[in-house]
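Beneath this line is the structure, given in structure tokens, with notes to follow.
Residue numbers (this note's numbering): -8 to 396.
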């Protein structure tokens, strides 16, 4: 047992030394550019670096421990929040404690503010943060909650009516500079006397945010369905990873019209590599391997067809997989879809809806049944184009089937 403990201790020591070595390397070789010139940072940790915050916290905790051990009886309270320290100590030792604090590390500059008329500024009172701009492309509920949350903070942090009035005026000015109309701010300021009505919703519905989503949410709310918004992928994400994860794909056979249709939540490259390994290892469970063994054909793994991307829900991907499989001579297994789905061409269901097609494409398990209900009353135009129902018709159909959302 003693030998085992000794080995474990030795292994732990080696791990610690390796971590310290790696930390030193990461701090010694921080290169940055300025005015087309490159520089190496010689002191401190890089701003925004993944190690900077943990290392800063370690250093400050060591300073906390050092100073409180140095004045065990003179310091009554020593509480720190990030880089702000609240201290209650013997008034005759304040200057001595501050001098000792400054001497611990030459590169850390401390300032001190003492009590004045029974008040003490704390947590950067002069900071002026920027809030979400009123013209930002985000749900209106986010802007309303910005006003409500910030104004509620005034009532929880200010102890006198004068300070509440001062902070409220400061908040109104700050939000006005961020584009918020004054009547909008006043309408949504926190009112502590207002009794909150905790509404109970029957179900929820999740949509990608667009300007039309708020209209849908308003209608759904009347029927006891609460709406949440999910963010759309950023331009940087789309450019950097045009095809990443959560895809529905197909792989054609090179010698016949058979197709393998699949879905994956992983990167498409990882899934294709898995197919290659199955072929190499002749995995009997693989349907592609079975087709190759029975026909001596091969599949075009180098150029898979990507039908849909960024479909985060596996259930949605399975429905899309089944819909695509029904269009081709597919060899893959897929879930059974209702007969009404078979009577609808998925692309025709999507295309006529214009700006709503992304919502329908992303949420087929919600809107496909709804559209089936709507299409029972389809009107064929002379041009043989599908009639586009109003968004209220789709929402009504969704409401009727809200239990499936």
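Yeah, the Cβ is synthetic: ideal placement off N, Cα and C, and Gly gets one too.
Outcome for residue i when other beta-carbon atoms lying within 10 angstroms are tallied against a minimum of 16
i: residue 303; result: exposed
i: residue 36; result: buried
i: residue 293; result: exposed
i: residue 64; result: exposed
i: residue 247; result: exposed
i: residue 218; result: buried
i: residue 146; result: exposed
i: residue 13; result: exposed
i: residue 290; result: buried
i: residue 321; result: buried
i: residue 10; result: exposed
i: residue 312; result: buried
i: residue 198; result: buried
i: residue 159; result: buried
i: residue 148; result: exposed
i: residue 150; result: exposed
i: residue 211; result: buried
i: residue 307; result: buried
According to DSSP, residues forming a beta bridge with residue i
i: residue 107; result: 110
i: residue 238; result: 255
i: residue 50; result: DSSP, once it has assigned bridges, lists no residue as partnering residue 50.
i: residue 31; result: 22
i: residue 321; result: 250
i: residue 290; result: 244
i: residue 299; result: 239
i: residue 68; result: 79
Backbone secondary structure at residue i - three-state DSSP
i: residue 339; result: Note that residue 339 scores a pLDDT of 39, beneath 50, so its modelled location is shaky; the value from the coordinates is reported in the next line. Of the three classes helix, strand and coil, the one that applies to residue 339 here is helix, per DSSP.
i: residue 218; result: strand
i: residue 80; result: strand
i: residue 136; result: helix
i: residue 73; result: coil
i: residue 125; result: coil
i: residue 96; result: coil
i: residue 199; result: strand
i: residue 60; result: helix
i: residue 279; result: helix
i: residue 146; result: helix
i: residue 326; result: coil
i: residue 194; result: strand
i: residue 17; result: helix
i: residue 181; result: coil
i: residue 130; result: coil
i: residue 271; result: helix
i: residue 205; result: helix
i: residue 7; result: helix
i: residue 42; result: coil
i: residue 171; result: coil
i: residue 12; result: helix
i: residue 159; result: helix
i: residue 87; result: helix
i: residue 212; result: helix
i: residue 154; result: helix
Alpha-carbon spacing of residue i relative to residue j, whole angstroms
i: residue 176; j: residue 104; result: 34 Å
i: residue 273; j: residue 31; result: 53 Å
i: residue 163; j: residue 89; result: 38 Å
i: residue 245; j: residue 214; result: 52 Å
i: residue 154; j: residue 52; result: 34 Å
i: residue 66; j: residue 193; result: 56 Å
i: residue 305; j: residue 259; result: 14 Å
i: residue 5; j: residue 15; result: 15 Å
i: residue 78; j: residue 72; result: 11 Å
i: residue 21; j: residue 121; result: 30 Å
i: residue 278; j: residue 237; result: 21 Å
i: residue 267; j: residue 276; result: 14 Å
i: residue 476; j: residue 239; result: Residue coverage of the chain in this structure runs from -8 to 396, which leaves residue 476 outside it and unanswerable.
i: residue 19; j: residue 209; result: 56 Å
i: residue 84; j: residue 156; result: 37 Å
i: residue 280; j: residue 43; result: 50 Å
i: residue 7; j: residue 264; result: 37 Å
i: residue 27; j: residue 109; result: 52 Å
i: residue 62; j: residue 68; result: 11 Å
i: residue 283; j: residue 221; result: 42 Å
i: residue 24; j: residue 45; result: 24 Å
i: residue 47; j: residue 97; result: 15 Å
i: residue 134; j: residue 161; result: 17 Å
i: residue 318; j: residue 243; result: 13 Å
Count the C-beta pairs between the segment 280 to 300 and the segment 246 to 256 that are closer than 8 Å, then say yes if the count reaches three, no if not. yes
Using 8 Å as the threshold, is the segment 200 to 212 in touch with the segment 126 to 135, meaning 3 or more CB pairs across them? yes
Would you call the segment 137 to 149 and the segment 168 to 182 in contact, with 3 or more CB pairs under 8 Å? yes
Hey, is the segment 57 to 72 in contact with the segment 82 to 99, meaning 3+ C-beta pairs nearer than 8 Å? yes
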